[in-house]
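Q: In order, the protein sequences belong to chains A and B.
If you read the first sequence in the working numbering, its first letter stands for residue 1, the second for the next number, and so on.
If you read the second sequence in the working numbering, its first letter stands for residue 1001, the second for the next number, and so on.
Glycine included, each C-beta is placed from N, C-alpha and C at the ideal position.
Predicted model only: the values in this text are computed from it and were never measured.
Mind having a look at this structure? Questions to follow.
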Amino acid sequence: MSMGGRLLHPGLVWLLRRTPRTWWRSIRRRFNGWKGGLLALFCVFFALMMLAPNVIESLLDRGADDGELAARARDFGPLIMLSMTAMSLLAPAQRRGGLYFKPPEIGLLFPAPISRRQLLIYHVLSRAQIQVLSAAFMTLVIIRHAPTWYGCVLGILLALLFLQMLSQTVALVTAAAGLRLARPVRFLVFALVLAALFVGGSSAVAQLQVNNGPLAAMSALVAHPVVQIVTLPFLPFASTFAATSILEALLWSAVSCAVLASLLAIVMKLDVAYEEAALAVSRDVRRKLERMRSGGGAMAMMGPSSAKFSVPHFPEFGGAGPIAWRQTVEIVRNARAVMTSMLLLLLMPAIMGGSVFFASDGSGNRAQILGRVLIPMALMFSVVWTQNISFDFRRDLDRIAYLRSLPISSLAVAAGQILPASVLLAAMQFVTVGAVIVLTGLLPLPVVPALFPLLLPFAFAVFALDNMLFLLFPHRLDPDDAANVGFMGRMMLTMSLKFAGLFVMLAIAGGIGAGLGFLAGRSIVVGVLVAVLLLVAMDVVLTFLVARTYDAFDPGRDVPA
Amino acid sequence: MIVVEGFSKAYDDRLAVSALGFTVRPGEIVGLVGPNGAGKTTTLRSIAGILRPTAGKLSVAGHDVVENPVAAKAALALVPDDPPLFQSLTIWEHLELTAQIYQLRDWESRGEELLERFHLADRRDTLADELSRGMRQKTAVCSAFLHEPKALMLDEPLTGLDPRAIRNLYSAIRDAAAGGAAVLLSSHLLGQIENLCTGFVILREGRLNAAGTPDEIRSGLPALGENASLEEIFFQVTEGTAETDAATAAAE
């Protein structure tokens, strides 16, 4: 047997060939039953809504647009790829230094008679299979922004393969350098990228100062010689994407393939004993992914803080107190993730607001215009953002059987589960909206303290709807499942239902509040008070509904694998 | 044969295993026992070539695990603790994968026989994702036995198994040993493995505390009677103060 001498072990070839079938099985299983059917419908609907217009538009003759699109893709593509590389350096696997292998790969392939190099080639190829899927999806999303469909297909696929191999090379280099050096190596690369952007950023700022808008600033940034040098390795991929003829696309694809081949040669040459680093990284990543899988969202990747703050016990309230106390402890012990989440919540409207600010022509009161844009934007983001602060049933999917065993009524459990996260969300909204009001002067300052009691019933409604929909359509994110298309459909379904529910609630509360306020002599105070009271009453009804859904939830049947 | 000579393994500054030495000969079934954190899994993973030893020599069927890992692994099977299976492969496909990896020919009848033996025959087309912990364990055991390894290592193999499966596993392990395989298994269920194993290696905090047949270890512990159980030996060795003569003999 000379299995170790072959380029790729026959067992690994078998496994790679089997992968598309396993993906298909995974998709089929996700769409089982009436709920699965509904999700499948939503997936198709979502795909048609989002992707079909892109494809149709790309097929139409756009004539003169092509040149402009090509120029933009060639200019900004390398920078976008550089940013993606920098982001991937922050990924959990890179943080520790080493390749990430899935648990079955470690358990079944590491002790098997497969050489290290064969396993490495398998790692490259198996991850490339996933990139092909991702490239297909990304192509459909951004095809309308590409000059040609073939350039788009080739460019995206080659770019994703390059990013993947670059990340594998960095992982191997850090594994070779040792885990202790992983952090400094990562930091150094990240610092270099930042330094280049900082140097190039000066010309971008100069463009902003003369009020030339963000596009001119970005053009100045990418035209800076330092940025051009740093982004040079990404140029062939952006140029493939930007190609306006088949010949050009093929030529740039050939250059891109040469770059990929060189990277593959480096990966193969780096015959380091990566197994142990891979084991440590995989354990680390696994732990974080498990936390995310159990419903903590992306922020759960950070894990609990080391500081053990204590929280005083709450009054019993029929059992809701201890349940709420437990969730509050979770929030406090995950302060780091909560703070990051809050920072991102502030950042996203700030970025969008910034672009609106710079894009405006300077007439009128810019600050007030900004405030009017930012407040609804911040509230909308916070509604979408709840997955990342899901200190409720979503995080307790594996503990529902335990919760059911407690001598506490389902109504008290539902209230106790939802309230702490709602208070947290209301606090986040309060800080964001309050900051906007203070900075823009949109409303008088004395209004700010009154915001919290207004925001709390709204936040409670958001979480109650989230939890009810989750208990109806329970799911977990499976990070190892490349064909996790059901997740997207489920997300779209629950998000649509959540927004519809919120719209109806706000319309009823707002409509009746406005009507009664009008009757009370156009009193805003009466109107707002009535609306809030109505929202509170609807929250009570929602809590009963969550309790009913929780009662109907069968941990033996409904907990997803 | 599994040979461990002067094996040490350090993680950063922590020494997980220190100067460990023992041999498992063909036909022997050796129990690797010790409290949590004693270094059992580290030792098994190092012999399986997953972890690189910091010092010492590990060999399987005459092949050095570090120098010639593929040949060593070809003679070896490891059943890890809570075996992670490929979620979207069926039980039968796991056997098929094993057959591909070890380049087995005409393995199907043996595969079917193993599935019958471990009561998995009627679930052969079930996906791993739908299996209970015990069934995943049995699938991993069937995969491990499929290529008739010369060295068989099992990390906590009894966890999750029902009494019938435990009995079947015992008989399969005994058959493998009778066929000339060297078997090394770790377990906390001392009462369960006492009558299965022909010898024991007892670790504490990464060091060898005792090794040999139960009689040999007992003879090094005068405080214990000649009928002392493995559990009594274990507590005396891991919580007692005296290093045993058996440990010294094994280290030599």
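Are the beta-carbon atoms of Leu411 of chain A and Thr240 of chain A separated by less than 8 angstroms?
A: Not closer than 8 angstroms, so no.
Q: Do you know how far the Cα of Ala238 of chain A is from the Cα of Phe76 of chain A?
A: So the two alpha carbons sit approximately 8 angstroms from each other.
Q: List, in chain order, every chain B residue whose beta-carbon is nearer than 7 angstroms to that of Ala112 of chain A.
A: Neighbours of Ala112 of chain A on chain B, chain order: Lys1073 and Ile1101.
Q: So Leu15 of chain A contacts chain B; which residues on that side make the cut at Cβ distance below 7 angstroms?
A: Simply Leu1097.
Q: Is Phe1145 of chain B helix, strand or coil when you go by DSSP?
A: Looking at Phe1145 of chain B - three-state DSSP - the assignment turns out to be helix.
Q: Quick one: measure Cβ to Cβ for Val230 of chain A and Ala258 of chain A, integer angstroms, because I've assumed they're closer than 8 angstroms.
A: 20 angstroms between Cβ atoms; not a contact.
Q: Quick one: is Glu1252 of chain B buried, meaning 16 or more other Cβ sit within 10 Å of its Cβ, or exposed?
A: In this prediction, Glu1252 of chain B scores a pLDDT of 49, lower than 50, which makes its location untrustworthy; the coordinate-derived value is nonetheless stated afterwards. With fewer than 16 other Cβ atoms within 10 Å, it is exposed.
Q: Can a CB atom of chain B be found closer than 8 angstroms to the CB of Ala64 of chain A?
A: Confidence at Ala64 of chain A is low in this model, with a pLDDT of 49, below 50, so the placement of that residue should be treated as unreliable; the coordinate-derived value is given next. Closer than 8 angstroms: no.
Q: Which partner residues of Ala450 of chain A appear in the DSSP bridge assignment?
A: Paired residues: none, contrary to the question.
Q: Less than 8 angstroms between the beta carbons of Thr1159 of chain B and Pro1035 of chain B, yes or no?
A: No, these two residues do not count as a Cβ contact at 8 angstroms.
Q: Please list the residues of the stretch 1079-1090 of chain B that have a C-beta atom closer than 8 angstroms to any C-beta atom in chain A, keeping them in chain order.
A: Result list: Pro1080, Pro1083, Pro1084, Leu1085, Phe1086, Gln1087, Ser1088 and Leu1089.
Q: Who are the Cβ neighbours of Phe473 of chain A in its own chain at under 8 angstroms, not counting the five residues just before and after it?
A: Lys35, Leu39, Arg490, Leu493 and Thr494.
Q: Touch check for the stretch 505-518 of chain A and the stretch 526-539 of chain A: three-plus C-beta pairs under 8 angstroms?
A: Yes, since at least three Cβ pairs between the stretch 505-518 of chain A and the stretch 526-539 of chain A fall closer than 8 angstroms, the two stretches touch.
Q: Please classify Asp1175 of chain B: is it buried, with 16 or more other beta-carbons within 10 angstroms of its beta-carbon, or exposed?
A: Classification for Asp1175 of chain B: exposed.
Q: Check the Cβ-Cβ distances between Gly1191 of chain B and every residue of chain A, and say whether any is below 8 angstroms.
A: Not one chain A Cβ lies under 8 angstroms of Gly1191 of chain B.
Q: Can you tell me which of the three DSSP states Ala1038 of chain B falls into?
A: It is coil, neither helix nor strand.
Q: Kindly indicate which three-state DSSP category Arg1136 of chain B falls into: helix, strand or coil?
A: It is helical.
Q: Please confirm if Val1070 of chain B has its CB atom under 8 angstroms from at least one CB of chain A.
A: Val1070 of chain B counts as touching chain A.
Q: Could you name the residues that DSSP lists as bridge partners for Met1153 of chain B?
A: Looking at the DSSP assignment, Met1153 of chain B forms a beta bridge with B:Leu1078 and B:Leu1184.
Q: Kindly indicate which three-state DSSP category Arg1052 of chain B falls into: helix, strand or coil?
A: Of the three classes helix, strand and coil, the one that applies to Arg1052 of chain B here is coil, per DSSP.
Q: Give me, in chain order, the residues of the same chain whose beta-carbon lies closer than 8 angstroms to that of Ala1228 of chain B; leave out the 5 immediate sequence neighbours on both sides.
A: Excluding positions up to five away in sequence, the list reads Arg1218, Leu1221 and Gln1236.
Q: Taking Cβ to Cβ, would you say Ile130 of chain A is nearer than 8 angstroms to Ser282 of chain A?
A: Not in contact: Ile130 of chain A and Ser282 of chain A (Cβ atoms no closer than 8 angstroms).
Q: Over the uninterrupted beta strand (DSSP E) stretch that includes Lys1009 of chain B, give me the two end residues.
A: Segment Ile1002 to Tyr1011, the beta strand (DSSP E) holding Lys1009 of chain B.
Q: Can a CB atom of chain A be found closer than 8 angstroms to the CB of Gly1037 of chain B?
A: For Gly1037 of chain B, the answer is no, since every Cβ of chain A falls outside 8 angstroms of its Cβ.
Q: Check the DSSP bridge columns for His1063 of chain B and list the partner residues they point to.
A: According to DSSP, which records beta bridges pairwise, His1063 of chain B is partnered with B:Val1060.
Q: Quick one: list the residues of chain B neighbouring Leu347 of chain A, beta-carbon separation under 7 angstroms, in chain order.
A: Here the premise fails: no neighbours, minimum Cβ distance about 36 angstroms.
Q: Taking 8 angstroms as the cut-off, decide whether the C-beta atoms of Lys1150 of chain B and Ala1075 of chain B are in contact.
A: Closer than 8 angstroms, so yes.
Q: Would you say Ile1050 of chain B reaches chain A, if we count a Cβ-Cβ gap shorter than 8 angstroms as a contact?
A: Output row for Ile1050 of chain B: interface = yes.
Q: Put Ala64 of chain A into one of helix, strand or coil per three-state DSSP.
A: Residue placement at Ala64 of chain A is poorly supported in this model, since its pLDDT is 49, which falls under 50; the coordinates still yield a value, given next. Coil, per DSSP.
Q: Less than 8 angstroms between the CB atoms is what I'm expecting for Pro1157 of chain B and Leu1169 of chain B, so what's the real figure, rounded?
A: Between Leu1169 of chain B and Pro1157 of chain B the Cβ distance is about 6 angstroms, and since that is below 8 angstroms, they are a contact.
Q: Should Leu133 of chain A be flagged as near chain B, meaning a C-beta pair shorter than 8 angstroms?
A: Output row for Leu133 of chain A: interface = no.
Q: State yes or no: is the beta carbon of Thr22 of chain A nearer than 8 angstroms to at least one beta carbon in chain B?
A: Yes, contact with chain B.
Q: Among the residues of its own chain, which have a CB less than 7 angstroms from the CB of Ala426 of chain A, if the five just before and after it don't count?
A: Around Ala426 of chain A: Phe452, Leu455, Leu456 and Ala459.
Q: State the Cα-Cα distance for the pair Leu1230 of chain B and Gly1039 of chain B, rounded to the nearest angstrom.
A: Whole-angstrom Cα-Cα distance: 19 angstroms.
Q: Rounded to whole angstroms, what is the Cα-Cα separation between Glu248 of chain A and Ser58 of chain A?
A: Distance between the alpha carbons of Glu248 of chain A and Ser58 of chain A is about 19 angstroms.
Q: Determine whether the Cβ of Ser126 of chain A lies closer than 8 angstroms to any Cβ atom of chain B.
A: No, because no Cβ of chain B sits closer than 8 angstroms to the Cβ of Ser126 of chain A.
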